Amino acid sequence: MPIKIKREAAGQGIIDQVKALSGIDVNACLQCKKCTNGCPVSGFTSSSPSEIIKKLQLGAGEELLDSEIIWVCSSCATCFSRCPMEINMAEVMDALRARGAAKPQGNMPLMNKLLLGTIKTFGRTYDLGAMVLYKAGTASYAKDLDKLPMILKKGKIALLPPHGADKKMVKRIFNNLEKTRKKST
Amino acid sequence: MKYAYFPGCSAESTARDLYLSTMAVARALGIEFTEPEAWSCCGTTMAHQVDHDLSLSLAAVNLLKVKDMGLDMVVSCASCYSRMKIANHEISTNPKKREIVSAALGRDYDGAVKVRHFVEILIEDIGLDAFKKALTHSLGGLKVASYYGCLMVRPPEVAGFDDPENPVYMDRLINAMGGVGLDWPHKVECCGGSLTLTRSDLVVKLSESIIAMAKDSGAECMAVACPMCQINLDMRQDDIFKAAGRRYDMPIIYISQLMGSCLGISEDALGLNKLIVSPKEAMNHVRSSVRS
């Protein structure tokens with residue numbers, strides 16, 4: 217299938233930003249497609265790791281951030297593990313997610329935000345708390361509800377928030393990084 | 316043998332059974348575990364998907380605690396293992412990252428603490444001979460598909476765990492216990508991991524292909540070492556039945572639970588009652604191996 221990109225003004229591509237964010241140069245890619253052939257999710261979505269790289273090389277811009285694969289990549293790192301040029305595609309995906317955080321597709325960013333929120337508050341993840349907020353945020357209470365009685369009966373999830381972590385230190389990490397970022401922008 | 320043991324958040328919630336069985340096995344083998352004081356979350360998948368510096372710092376604050384203890388860090392959760400290893404790798408090879416992390420922590424960390432998976436120390440430090448000597452029970456020929464998933468083995472130059480495409484550490488433990496570690500092709504496929512709530516449709520598809528392959532390879536149960544894999548493969552079997560019409564009833568058992576049962580530890584103490592697909596039939600293979 218031919219790979220097409222929208223024509224951007226010269227220098228509008230995001231390949232340099234991806235490199236700045238991840239430290240990874242995708243120009244080394246040979247398009248052997250081992251990444252795509254090993255990718256567990258590319259068969260279920262419209263794009264693939266090798267196509268993302270080719271589009272970056274061709275100078276694609278913000279349009280790339282609309283590719284669904286960025287938001288369904290499970291970070292399994294099969295792509296990087298099998299790449300003959302040792303391109304860390306898993307981290308390129310992280311960089312694209314960071315770049316596209318303002319207009320994400322799907323609910324992965326919401327789930328990530330809620331779970332990180334519990335770490336910032338308690339110093340450890342509080343799955344049940346994040347899950348309840350996620351269900352509220354996506355109005356998806358009914359989904360997976362059938363599993364709740366069994367999970368509660370088996371004690372397969374903690375009901376109360378975690379305690380015992382060095383919460384002050386964890387908060388300090390979040391705040392320090394926030395400050396450094398503000399200074400550099 | 317003394318180690319700093321990092322339980323990870325799931326030890327207190329969705330993987331209580333992994334924690335209980337790991338601790339029980341360690342005790343039975345005379346391994347001494349001390350938890351780093353006031354440990355905090357390693358950052359797991361969501362931190363690196365949002366902010367790499369945060370991900371490295373959240374792992375590093377725990378590694379620094381272990382550095383002060385002067386011990387190696389042992390981890391039983393595949394996700395914590397992966398994040399700790401990646402943080403060490405980035406911090407020790409990239410001076411810029413070391414600077415960012417050290418500024419966030421308020422203390423310098425060099426990335427030098429050794430991080431080991433519980434399965435690794437059994438094979439590499441305890442050794443199969445000593446492990447076999449401690450066994451009181453056998454798996455009685457139970458056919459087990461060992462499933463390693465992503466985070467223990469990838470990326471290989473960072474994880475450094477066994478063989479990244481065909482790992483056998485868990486199989487060696489299973490064979491040592493009198494089980495049959497099956498040679499099967501989906502050992503390191505991805506179950507969908509953290510997409511479990513956001514894209515459960517994909518998790519159901521990926522988990523089915525893994526369980527189906529295990530079943531077709533003759534497995535009577537699967538052995539896992541990752542809390543995310545365990546819950547996806549175990550909890551999604553009803554959804555798989557609804558979506559694909561095939562019922563597998565495949566028990567998804569932590570490798571530490573299998574080890575514990577061969578060390579004579581009770582099923583309750585190993586948290587076997589927490590598994591969703593009943594392991595009863597598989598565990599019926601376990602028999603005493605002590606000669607009377």
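Protein sequence lines correspond, in order, to chains A and B.
So for the first sequence, the working numbering puts the first residue at 217; every next one is plus one.
So for the second sequence, the working numbering puts the first residue at 316; every next one is plus one.
Ideal Cβ placement from N, Cα and C applies to all residues, glycine included.
A quick note: this is a predicted structure, and the numbers were derived from the prediction, not measured.
May I have the straight-line CA-CA distance separating Glu405 of chain B from Lys557 of chain B, to the nearest angstrom? Residue mapping note: residue 405 of chain B aligns to position 90 of the second sequence, counting from 1. Residue mapping note: residue 557 of chain B aligns to position 242 of the second sequence, counting from 1. Those two C-alpha atoms are separated by around 43 Å.
From Asn392 of chain A to Gly575 of chain B, what does the alpha carbon distance come to, in whole angstroms? Residue numbering aside, residue 392 of chain A sits at position 176 when the first sequence is read from its first letter. Residue numbering aside, residue 575 of chain B sits at position 260 when the second sequence is read from its first letter. Their Cα atoms are separated by approximately 43 Å.
Strand pairing of Gly339 of chain A, partner residues [DSSP]: Mapped onto the first sequence, residue 339 of chain A falls at position 123. Note: Gly339 of chain A sits in no beta bridge, so no partner.
Listed in chain order, which residues of the segment 364 to 383 of chain B have Cβ atoms closer than 8 Å to some Cβ of chain A? Gln364, Val365, Asp366, His367, Asp368, Leu369, Ser372, Leu373 and Val376
For chain A, check one thing: does any of its Cβ atoms lie closer than 8 Å to the Cβ of Ile609 of chain B? Residue 609 of chain B lies beyond the stretch modelled for chain B, which goes from 316 to 607, so this question has no answer here.
Inspect the beta-carbon positions of Thr349 of chain B and Tyr320 of chain B and report whether they are closer than 8 Å. Residue mapping note: residue 349 of chain B aligns to position 34 of the second sequence, counting from 1. Residue mapping note: residue 320 of chain B aligns to position 5 of the second sequence, counting from 1. Their beta carbons are under 8 Å apart, which means Thr349 of chain B touches Tyr320 of chain B by this criterion.
Does the Cβ-Cβ distance between Ala311 of chain A and Leu237 of chain A come in under 8 Å? Taking the first residue of the first sequence as position 1, residue 311 of chain A is located at position 95. Taking the first residue of the first sequence as position 1, residue 237 of chain A is located at position 21. Yes. Within cutoff.
Any contact between the segment 389 to 396 of chain B and the segment 465 to 476 of chain B? By contact I mean 3 or more CB pairs, one from each, below 8 Å. yes
So, with DSSP's three-state summary, where would you put Ser325 of chain B? As a working mapping, residue 325 of chain B is identified with position 10 in the second sequence. Note: Ser325 of chain B maps to helix in three-state DSSP.
Within 10 Å of its beta-carbon, does Met485 of chain B have 16 or more other beta-carbons around it, so buried, or fewer, so exposed? Residue mapping note: residue 485 of chain B aligns to position 170 of the second sequence, counting from 1. The residue in question, Met485 of chain B, is buried, as its Cβ has 16 or more Cβ neighbours within 10 Å.
Answer with buried or exposed for Thr451 of chain B, where buried requires no fewer than 16 other C-beta atoms within 10 angstroms of its C-beta. Here residue 451 of chain B corresponds to residue number 136 of the second sequence, with the count starting at 1. With fewer than 16 Cβ atoms within 10 Å of its Cβ, Thr451 of chain B is classed as exposed.
Pick helix, strand or coil for Val428 of chain B, following the three-state DSSP scheme. Walking along the second sequence from the start, residue 428 of chain B turns up at place 113. Here Val428 of chain B sits in coil by DSSP.
Other residues of its chain near Met316 of chain B: CB distance less than 8 Å, five sequence neighbours each side excluded: In the second sequence, residue 316 of chain B corresponds to position 1, counting from 1. Closer than 8 Å at the Cβ level, and outside the excluded window around Met316 of chain B, lie Gly345, Ile346, Glu347, Ile436, Asp440 and Ile441.
Three or more C-beta pairs under 8 Å: does that hold for the segment 238 to 253 of chain A against the segment 266 to 275 of chain A? yes
Straight-line CA distance for Leu368 of chain A to Asn547 of chain B? As a position in the first sequence, residue 368 of chain A is number 152, starting the count at 1. As a position in the second sequence, residue 547 of chain B is number 232, starting the count at 1. Cα to Cα, Leu368 of chain A sits roughly 16 Å from Asn547 of chain B.
Would a C-beta distance cut-off of 8 Å place Met327 of chain A and Thr513 of chain B closer than the cut-off? For the purposes of this step, residue 327 of chain A is identified with residue 111 of the first sequence, where counting begins at 1. For the purposes of this step, residue 513 of chain B is identified with residue 198 of the second sequence, where counting begins at 1. Their beta carbons are under 8 Å apart, which means Met327 of chain A touches Thr513 of chain B by this criterion.
Return yes when the Cβ of Gly339 of chain A is within less than 8 Å of the Cβ of Ala293 of chain A, no when it is not. Residue mapping note: residue 293 of chain A aligns to position 77 of the first sequence, counting from 1. Residue mapping note: residue 339 of chain A aligns to position 123 of the first sequence, counting from 1. Their beta carbons are not under 8 Å apart, which means Ala293 of chain A does not touch Gly339 of chain A by this criterion.
Going along the chain, which unbroken runs of the alpha helix (DSSP H) with 4 or more residues stay wholly within the segment 271 to 345 of chain A? 285 to 288, 294 to 298, 305 to 315 and 324 to 338
Give me the residue from A:Ser290, A:Gln228, A:Lys220 and A:Ala306 with the minimum Cα distance to Val242 of chain A. To locate residue 242 of chain A, count along the first sequence from 1; it is residue 26. Checking every option, the nearest Cα to that of Val242 of chain A belongs to A:Ala306.
Does the segment 534 to 549 of chain B come into contact with the segment 565 to 574 of chain B, if we say contact requires no fewer than three beta-carbon pairs (one atom in each stretch) closer than 8 Å? yes
Determine, for Asn481 of chain B, whether the minimum Cβ-Cβ distance to residues of chain D falls below 8 Å. Going by chain labels, chain D is absent from the structure shown, which instead holds the protein chains A and B.
Threshold first: 4 residues or longer. Then list the alpha helix (DSSP H) segments lying entirely within the segment 394 to 427 of chain B, N to C. 410 to 420
Counting only C-beta atoms, is Met550 of chain B closer than 8 Å to chain A at any point? Position 235 of the second sequence, counted from the first residue, corresponds to residue 550 of chain B. By this cut-off, Met550 of chain B is an interface position.
Starting from Ile613 of chain B, follow its DSSP beta bridges and name the residues at the other end. Outside the shown range of chain B, which is 316 to 607, sits residue 613 of chain B, and nothing can be said about it.
C-alpha distance - Ala584 of chain B paired with Ile525 of chain B, whole-angstrom precision: Position 269 of the second sequence, counting from 1, holds the residue named residue 584 of chain B. Position 210 of the second sequence, counting from 1, holds the residue named residue 525 of chain B. Approximately 29 Å, taken between the alpha carbons.
Rounded to whole angstroms, what's the CA-CA distance from Thr329 of chain B to Ala374 of chain A? Just pull it up for me. Residue numbering aside, residue 329 of chain B sits at position 14 when the second sequence is read from its first letter. Residue numbering aside, residue 374 of chain A sits at position 158 when the first sequence is read from its first letter. Straight-line Cα distance between these residues: approximately 7 Å.
Span of the alpha helix (DSSP H), counted from its first residue to its last, around Ser336 of chain B: Taking the first residue of the second sequence as 1, we reach residue 336 of chain B at position 21. Counting along the chain, the alpha helix (DSSP H) containing Ser336 of chain B begins and ends at Arg331 to Ala343.
Whose C-beta lies closer than 8 Å to the C-beta of Gln321 of chain A among residues of the same chain, with five residues either side of it excluded? Working through the first sequence from its first residue, we reach residue 321 of chain A at position 105. Cβ neighbours of Gln321 of chain A beyond the five flanking positions: Asp282, Glu284, Ile286 and Trp287.
Along the chain, where does the beta strand (DSSP E) containing Lys458 of chain B start, and where does it finish? Numbered from 1 along the second sequence, position 143 holds the residue referred to as residue 458 of chain B. Segment Lys458 to Ser461, the beta strand (DSSP E) holding Lys458 of chain B.
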